[in-house]
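In the numbering used here, the protein residues as written are 400 to 695.
C-beta: ideal position from N, C-alpha, C; glycine also.
First comes the structure, then the notes that go with it.
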């Protein structure tokens, strides 16, 4: 049986940008707030962290900074994704040196590949590091699906331990084929309970920026046998979760953090700000919840 990198809710943390670069002081405050509010792990330089707009130096410096700031309190999972296998291997090696606890790697985008190409791509990542690797399947962004049969092959590689799955329709087949050889994590905040019912151990979350304790409790309640409480949390926060995905992630969650006083700045182009109407709808939904504000 593969050991989970974490159990519960991992926040795929945003990167607070300034015109000059990265606001590391604000990033430190975000990290410490998440840990203080029971987030079970942190993902740095993932999709929500806008890693595709970061220079290699920024990417690696951010991983190193978060590892140092966390100081072993929770697992740090470093995003090392690339559609260039050689570059991805190099990022895996450098992130391993940084002291990260695990790596997250998405399917190649734009140039795509075959299922055999996917297998070889991820095998190369695994061979470049001793760290556990969580694969990331998100066809809506990459236009490429990591098929269950390919996941079965990849699960036979010792340090490929998990999958952040966004193609919920194939989860039953993945669970059937891979069993305990691949730890399932939900990549969809709105469908965590269905994933847990199929054996998932947690969620890699965006909503946990705003409701960290609730997302962690959602998972742990289910795993402790309190299905009714888990289901209630999922449904109670569904309108907020939908609002946080009303535009391309991470546009809404950064806007939500700014509304709550975090002042994390804007996304990097080509991502731009929400329209006034969309922002107003987000604010209206948020007003229906007792959300913690950040005070400098």
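Between the C-alpha atoms of residue 509 and residue 484 there is a straight-line separation of about 13 Å. Per DSSP, reduced to three states, the secondary structure at residue 621 is helical.
Residue 508: not part of any alpha helix (DSSP H); DSSP gives it neither H nor E.
For residue 410, the enclosing beta strand (DSSP E) has its first and last residue at 407 to 411. In this structure residue 647 is exposed. Its beta-carbon is surrounded by fewer than 16 other beta-carbon atoms within 10 angstroms.
As the crow flies, the alpha-carbon of residue 558 is around 43 Å from that of residue 680. In the DSSP assignment, residue 441 falls outside any alpha helix (DSSP H) and within the unbroken beta strand (DSSP E) covering 440 to 443.
Going by beta carbons, residue 477 and residue 440 fall outside the 8 Å limit.
For the pair of segments examined, the stretch 627 to 640 was found not to touch the stretch 668 to 679: the number of CB pairs separated by less than 8 Å stays below three. Considering only 475, 471 and 423, the residue with the shortest C-alpha distance to residue 445 is 475.
Contact between residue 413 and residue 448 holds, since their C-beta atoms are separated by about 6 Å, short of 8 Å.
A direct Cα-to-Cα measurement between residue 654 and residue 612 gives close to 20 Å. Considered as a whole, the stretch 406 to 492 harbours 423 to 435 and 455 to 469 as its complete alpha helix (DSSP H) runs of no fewer than 4 residues, in chain order. Rounded to whole angstroms, the gap between the alpha carbons of residue 419 and residue 453 is 12 Å. In the three-state scheme derived from DSSP, where H, G and I count as helix and E and B as strand, residue 537 is classed as coil. Within the same chain, and ignoring the five residues on either side of residue 649 in sequence, the residues whose Cβ sits closer than 6 Å to its Cβ are 413 and 447.
The Cβ-Cβ distance between residue 437 and residue 615 falls below 8 Å.
Taken atom to atom, the span from the alpha-carbon of residue 493 to that of residue 459 is near 7 Å. Collapsing the DSSP output to three states places residue 629 in a helix. Between residue 429 and residue 464, the CB-CB gap reaches or exceeds 8 Å. Rounded to the nearest whole angstrom, the CA to CA distance from residue 541 to residue 572 is 21 Å. Within the stretch 517 to 577, the complete alpha helix (DSSP H) runs of at least 4 residues fall at 538 to 541, 547 to 554 and 570 to 577. Annotation: the continuous beta strand (DSSP E) that includes residue 583 extends over 582 to 585. Around residue 569, the same chain offers 547 as residues with beta carbons nearer than 7 Å, after the five sequence neighbours per side are excluded. In this structure, the CA atom of residue 592 is about 13 Å from the CA atom of residue 604.
Between residue 511 and residue 553, the gap from beta carbon to beta carbon reaches 8 Å or more.
If you compare the alpha carbons of 657, 667 and 682 with that of residue 694, the shortest gap goes to 657.
Taken through DSSP and simplified to helix, strand or coil, residue 501 comes out as strand. Annotation: residue 609 is outside any beta strand (DSSP E) and is labelled neither H nor E by DSSP.
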